[in-house]
Amino acid sequence: MDTQKEALRRIISTLANKNDELQNFLDTVENTLTGLQEESCKVTSDLEAELEQLRSALEEKGAELRHILKEEKQRKEAELQKQLSEGKSALLSCEELLEFADQTLTITNEEEFLTAAKQIKERVTMAPAFRLTTRPAVSDNMSQFTVDFSAERAGLQRLHFLPVPRAPEIDVSSCVVRDNAITVAWRPLSEADSSGDGSGPIERYELEYRKSNRDSSLRATGEACWEKMSDIRETRVTISGLKFDSPFVIIRVRARNKAAAGEFSEPVAMETRAYNFGFDAATAHAELKVQGDTVTWEPQGVKGHDPRLRAKENRSSSRSATPSPNKTAASRAGRDRFAGESYTVLGDQEMIGGSYYWELRPLADWKSFSVGVAYRASLGRFDQLGKSAGSWCLYATQWLQSSLAAKHNNRAKALDWPLPQRIGIYCDYDSGTKEILLWFCFSPGVR
Numbered sequence: 001m002d003t004q005k006e007a008l009r010r011i012i013s014t015l016a017n018k019n020d021e022l023q024n025f026l027d028t029v030e031n032t033l034t035g036l037q038e039e040s041c042k043v044t045s046d047l048e049a050e051l052e053q054l055r056s057a058l059e060e061k062g063a064e065l066r067h068i069l070k071e072e073k074q075r076k077e078a079e080l081q082k083q084l085s086e087g088k089s090a091l092l093s094c095e096e097l098l099e100f101a102d103q104t105l106t107i108t109n110e111e112e113f114l115t116a117a118k119q120i121k122e123r124v125t126m127a128p129a130f131r132l133t134t135r136p137a138v139s140d141n142m143s144q145f146t147v148d149f150s151a152e153r154a155g156l157q158r159l160h161f162l163p164v165p166r167a168p169e170i171d172v173s174s175c176v177v178r179d180n181a182i183t184v185a186w187r188p189l190s191e192a193d194s195s196g197d198g199s200g201p202i203e204r205y206e207l208e209y210r211k212s213n214r215d216s217s218l219r220a221t222g223e224a225c226w227e228k229m230s231d232i233r234e235t236r237v238t239i240s241g242l243k244f245d246s247p248f249v250i251i252r253v254r255a256r257n258k259a260a261a262g263e264f265s266e267p268v269a270m271e272t273r274a275y276n277f278g279f280d281a282a283t284a285h286a287e288l289k290v291q292g293d294t295v296t297w298e299p300q301g302v303k304g305h306d307p308r309l310r311a312k313e314n315r316s317s318s319r320s321a322t323p324s325p326n327k328t329a330a331s332r333a334g335r336d337r338f339a340g341e342s343y344t345v346l347g348d349q350e351m352i353g354g355s356y357y358w359e360l361r362p363l364a365d366w367k368s369f370s371v372g373v374a375y376r377a378s379l380g381r382f383d384q385l386g387k388s389a390g391s392w393c394l395y396a397t398q399w400l401q402s403s404l405a406a407k408h409n410n411r412a413k414a415l416d417w418p419l420p421q422r423i424g425i426y427c428d429y430d431s432g433t434k435e436i437l438l439w440f441c442f443s444p445g446v447r
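Below, the structure written as structure tokens:
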């Protein structure tokens, strides 16, 4: 019976995975269909706009050429009309002179003849016909304004759609994950893609990212949708302002030229080394109130420091406290619930490898606090953080005077720094430490 149930569970699990896969496939197809329709309308609109610009440019150039032809025609016409007018005037003068000369030949009186001949000679010398150029000032040739559109026509005949840019390749070795930011670097599929290879130069890049609980590219049910970054001009960009509350951030990039956007690159999962840190209320001192990721100190009076009363409170509160994911409330209630002057609460995550980073943000009216890490074996119910060889902490106070100090093995080193608004802690487990637990120690006065 148990074997059959286990086999049925495996079948159900397989069907559930296939169901998620099919749902993701359908979502992808629907999104692709919608994108196809929108992109088709956009490309058609862009094409019409380009053709209209081409027509406008051709009309503008045509108007310019027509104007040049008109001006040249008018200039030549004016020159020729001037020559026609001058020629007609000279011809009329010449005809009048010829008629006068013919009449002079009929004169018989010598004195009158000599006077008329002298007048003819003077008029011939000054006649317009002898000062007029007898060739046209301009030619009728307008062939220098002939336009050869063969190259342009051939270019238009070779006009084609720009190919879609190829998908870039994310350079994982150059990507950096640090301080709630991810710097992503990529390269075109070939050097030609960045400068133009017939597909047109790449104008910009588009990046999409989303948080994920696994390193696969498929989106699991309930995970975040893609966030987008557009108009990226370089082959590197930094995604800042992230909150590393998921183990992975999935990233993909695509290129866009003037024509269209290409396919996305293969998604790359960047490990954030994040973990969902919280407080283990079962370990909290009885005067510490744990609400989500906030801890406040609520003193209960003198009786609150009576170890016997505290033990009773431990037994009663352990039944209602939230257990740690790694340790049960029952196992910690008697041993790890802090008492006495150790106003302490443990984190609910135990570090077993890798690197970790977390931050403390004091409330507005805080008085003092300590934050740090410790070996689990070094913890005791009455211990204070930084007073043993197995714990380290940063202690801050503004109770009577402001001070900041680093504490370890019951030694303190004052730090000449201003009091921080938040504290970040980085712990590298792989450097040699083992079984380090994250914990916060709050002193009286913290709100």
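Counting in the UniProt record's numbering, the sequence shown tops out at residue 447, every number present. All residues carry an ideal CB built from backbone N, CA and C; glycine is no exception.
When the five nearest sequence neighbours on each side are left out, the beta carbons in the same chain lying within less than 8 Å of the beta carbon of residue 75 are those of 138, in order along the chain.
The alpha-carbon separation between residue 413 and residue 266 amounts to approximately 50 Å. Shortest Cα-Cα distance from residue 81 to any of 127, 136, 100 involves 136. Looking at the DSSP output, residue 403 bridges to 397.
Counting along the chain, residue 255 sits inside the beta strand (DSSP E) bounded by residues 248 to 256. Taking all protein chains in view, the Cβ of residue 362 is crowded by 16 or more other Cβ atoms within 10 Å, so the residue is classified as buried. A contact between stretches requires three or more CB pairs, one per stretch, nearer than 8 Å, and the region 233 to 241 fails this requirement with the region 17 to 29.
Taking C-beta atoms as the reference points, residue 142 and residue 72 count as a pair closer than 8 Å. By the neighbour-count definition (other C-beta atoms within 10 Å, threshold 16), residue 399 is an exposed residue.
CA-to-CA, the gap between residue 227 and residue 300 works out to about 47 Å.
For the options 1, 378, 374, the alpha carbon positioned closest to that of residue 429 is the one of 374.
Less than 8 Å separates the beta-carbon of residue 167 from that of residue 262.
Residue 36 and residue 43 have their C-alpha atoms some 10 Å from each other. Measuring C-alpha to C-alpha distances from residue 205 to each of 237, 254, 130, 182 identifies 254 as the nearest. In the three-state reduction of the DSSP assignment, residue 123 falls in the helix class. Checking the DSSP bridge columns, you'll see residue 296 partnered with 289. DSSP, read as helix, strand or coil, puts residue 408 in strand. Exposed is the label assigned to residue 126, since fewer than 16 other Cβ atoms lie within 10 Å of its Cβ.
Only residues of its own chain outside the window of five on either side were considered, and among them 378 have a CB closer than 6 Å to the CB of residue 388, listed in chain order. For residue 22, the enclosing alpha helix (DSSP H) covers residues 2 to 104. Secondary structure at residue 384: coil, using DSSP grouped into helix, strand and coil.
Looking at the DSSP output, residue 269 sits in a beta bridge with 250. For residue 150, the uninterrupted alpha helix (DSSP H) run begins and ends at 150 to 157, by DSSP.
When DSSP states are grouped into helix, strand and coil, residue 164 belongs to the coil group. Per DSSP, the beta bridge partners of residue 227 are 209.
Take residue 381, set aside five residues on each side of it, and the residues of its chain with a beta-carbon closer than 6 Å to its own are 338, 339, in chain order.
Across the structure, residue 180 and residue 159 are spaced so that their CA atoms are roughly 48 Å apart.
DSSP places residue 351 inside the beta strand (DSSP E), whose first and last residues are 344 to 351. Secondary-structure assignment with DSSP links residue 137 through no beta bridge to anything.
Secondary-structure assignment with DSSP links residue 413 through a beta bridge to 406. Using a Cβ-Cβ distance cut-off of 8 Å, the region 341 to 360 and the region 284 to 301 are in contact, since at least three pairs of beta carbons, one from each stretch, lie closer than that value. Remark: C-beta atoms of residue 203 and residue 252 do not approach each other more closely than 8 Å.
Residue 238: member of the beta strand (DSSP E) spanning 236 to 239, first to last residue.
When DSSP states are grouped into helix, strand and coil, residue 283 belongs to the helix group. Between residue 239 and residue 170, the C-beta spacing is not below 8 Å.
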